[in-house]
Amino acid sequence: MKKETIHLRHKIVNDTYYYIYKNLEHQITLDELAKLNKVSKYHYHRIIKEETSFTLFEIITSIRLQKAANLLLTNNHSTISEIASLCGYMSHSSFIKAFKQRFKHTPTAWRKGAFKSYSKQLLEKFPTSKDFSNIEPQIKVCKAIKCTYIRHKGYDKKIKNTWEKLYAIAYENNITNFKQIALHHDNPTITPLEDCSYVAAISIDKDYKNLNILEIPESLNAVFELKGVYGDVLNFIRYVYHYWLPNSGYETSSIPCYTIYEKNHFTTGFEDFNLKLYLPIKIAF
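The sequence shown begins at 1 in UniProt numbering and counts up one residue at a time.
This is the structure we're talking about:
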């Protein structure tokens, strides 16, 4: 396969995921994504299936249900119908059916505590004894950030290789003085680590035709400062979603939380990191 073809196929997959996450609350069709990527529906469907091992429908459904499962736990003042709508389900009954098929519980049961049995084995993989309760955030509006990025499936130490590739891209395109940003689309309490969607990104000040581009939108954020070692970020995200957020008077949105590194343990060769975690929020009531 030619280098140009490989690049095009990767771009189509990246643009697809970006579009889905950005438009999660809307109806998303094969027609519009094929048109967006300037290929036929047949060709687009084949590329997605070959590159991801999933159909477009399976990808959209998985992203919607993972997001819904998290919002049911964090957004206590939103109704199940409101959460279903925010995740792209126009029918309450179809949402309940899909959710139960995926998580073996109804949304109501999940919200009332059924998620604990589902999450038990996941939590055992990264136990923590750290107390994060003394870390208080600053609430502020953060401006949009344009980035180039590489997606990494899973949360593991191989993320280091993804960051190294991103640094090579920055060097080849003469991108300097950039912010190092990681987007965390999934809650590791309810998504297996090998399935978590991690995005390594660097800020840019202009468009590059040969690079994948995304924009983190302007939003109201709870901004936490955190220092630690590998694994602490996941535990802190777990704390923020399950302890801080439900008691804060805020709810989260469909925008993923993200971190901006002051010291990135994946790139420095050291064990420790220093970062700020940005959690997009809205007033609960």
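For each residue, glycine too, the CB sits at the ideal point set by N, CA and C. Note that the structure is a prediction, hence the values are computed from the model and not measured.
Close Cβ partners of residue i (< 8 Å) along its chain, the five nearest in sequence each way excluded
{"i": "L33", "result": "T16, Y19, Y44, L56"}
{"i": "L30", "result": "K41, Y44, H45, L56"}
{"i": "V39", "result": "I12, I47"}
{"i": "F54", "result": "I48, S62"}
{"i": "G154", "result": "L193, E194, D195, C196, Y198"}
{"i": "S203", "result": "I145, K146, C147, F178, K179, I181"}
DSSP beta-bridge partners of residue i
{"i": "P280", "result": "N221"}
{"i": "E251", "result": "K282"}
{"i": "V199", "result": "R151, L183"}
{"i": "K158", "result": "None; K158 has no bridge partner."}
{"i": "E215", "result": "K146"}
{"i": "K206", "result": "For K206, which the question treats as bridged, DSSP gives no partner whatsoever."}
{"i": "L226", "result": "L275"}
{"i": "K41", "result": "K41 is not bridged to any residue."}
Between the CA atoms of residue j and residue i - distance to the nearest angstrom
{"i": "H184", "j": "K2", "result": "32 Å"}
{"i": "Y198", "j": "E58", "result": "19 Å"}
{"i": "D207", "j": "I213", "result": "7 Å"}
{"i": "L71", "j": "L8", "result": "34 Å"}
{"i": "Y241", "j": "E51", "result": "32 Å"}
{"i": "A168", "j": "D205", "result": "18 Å"}
{"i": "A68", "j": "I150", "result": "25 Å"}
{"i": "L234", "j": "E136", "result": "17 Å"}
{"i": "F270", "j": "A144", "result": "30 Å"}
{"i": "S91", "j": "H26", "result": "13 Å"}
{"i": "I60", "j": "P256", "result": "16 Å"}
{"i": "Y261", "j": "S93", "result": "42 Å"}
{"i": "H10", "j": "L166", "result": "15 Å"}
{"i": "L65", "j": "Y171", "result": "38 Å"}
{"i": "F95", "j": "K157", "result": "35 Å"}
{"i": "N161", "j": "S85", "result": "37 Å"}
{"i": "N274", "j": "K263", "result": "5 Å"}
{"i": "P246", "j": "I6", "result": "44 Å"}
{"i": "Q138", "j": "R102", "result": "36 Å"}
{"i": "C87", "j": "F132", "result": "30 Å"}
{"i": "W110", "j": "I237", "result": "19 Å"}
{"i": "K35", "j": "K140", "result": "37 Å"}
{"i": "T79", "j": "H152", "result": "33 Å"}
{"i": "L73", "j": "E4", "result": "43 Å"}
{"i": "K97", "j": "P107", "result": "9 Å"}
{"i": "Y21", "j": "S254", "result": "8 Å"}
Backbone secondary structure at residue i - three-state DSSP
{"i": "Q138", "result": "strand"}
{"i": "T148", "result": "strand"}
{"i": "S85", "result": "helix"}
{"i": "I105", "result": "Going by the sequence as given, residue 105 is His instead of Ile. Three-state DSSP puts H105 in coil, outside helix and strand."}
{"i": "Y258", "result": "strand"}
{"i": "residue 288", "result": "Absent from the structure is residue 288, since the part of the chain shown begins at 1 and ends at 285."}
{"i": "K15", "result": "It is worth fixing the name first, because residue 15 is Asp in this sequence and not Lys. Looking at D15 - three-state DSSP - the assignment turns out to be helix."}
{"i": "L33", "result": "helix"}
{"i": "K67", "result": "helix"}
{"i": "K112", "result": "helix"}
{"i": "F95", "result": "helix"}
{"i": "E275", "result": "Residue identity differs from the one stated: residue 275 is Leu in this sequence, not Glu. Residue state, collapsed to three classes: strand."}
{"i": "K49", "result": "helix"}
{"i": "K263", "result": "strand"}
{"i": "T189", "result": "coil"}
{"i": "T74", "result": "helix"}
{"i": "E26", "result": "The sequence as given places His at residue 26; Glu does not occur at that position. Three-state result, H26: coil."}
Contacting residues, own chain, Cβ-Cβ under 7 Å from residue i (five flanking each side not counted)
{"i": "P192", "result": "L122"}
{"i": "N75", "result": "I83, E251, T252"}
{"i": "N37", "result": "I12, D15, Y44"}
{"i": "residue 286", "result": "Since the first residue of the chain shown is 1 and the last is 285, residue 286 is not available in this structure."}
{"i": "K100", "result": "T106"}
Contacts around residue i, its chain only, beta-carbon distance under 6 Å, and the 5 residues preceding and following it disregarded
{"i": "H105", "result": "A114"}
{"i": "W163", "result": "A200, F266, T267"}
{"i": "H77", "result": "A284, F285"}
### Message
Check whether the region 217 to 230 and the region 270 to 281 are in contact - that is, three or more C-beta pairs closer than 8 Å.
### Response
When Cβ pairs closer than 8 Å are counted between the two stretches, the region 217 to 230 is seen to touch the region 270 to 281, the count reaching three or more.
### Message
I want to know whether the region 162 to 179 touches the region 225 to 236 - three or more CB-CB distances under 8 Å.
### Response
These segments do not touch.
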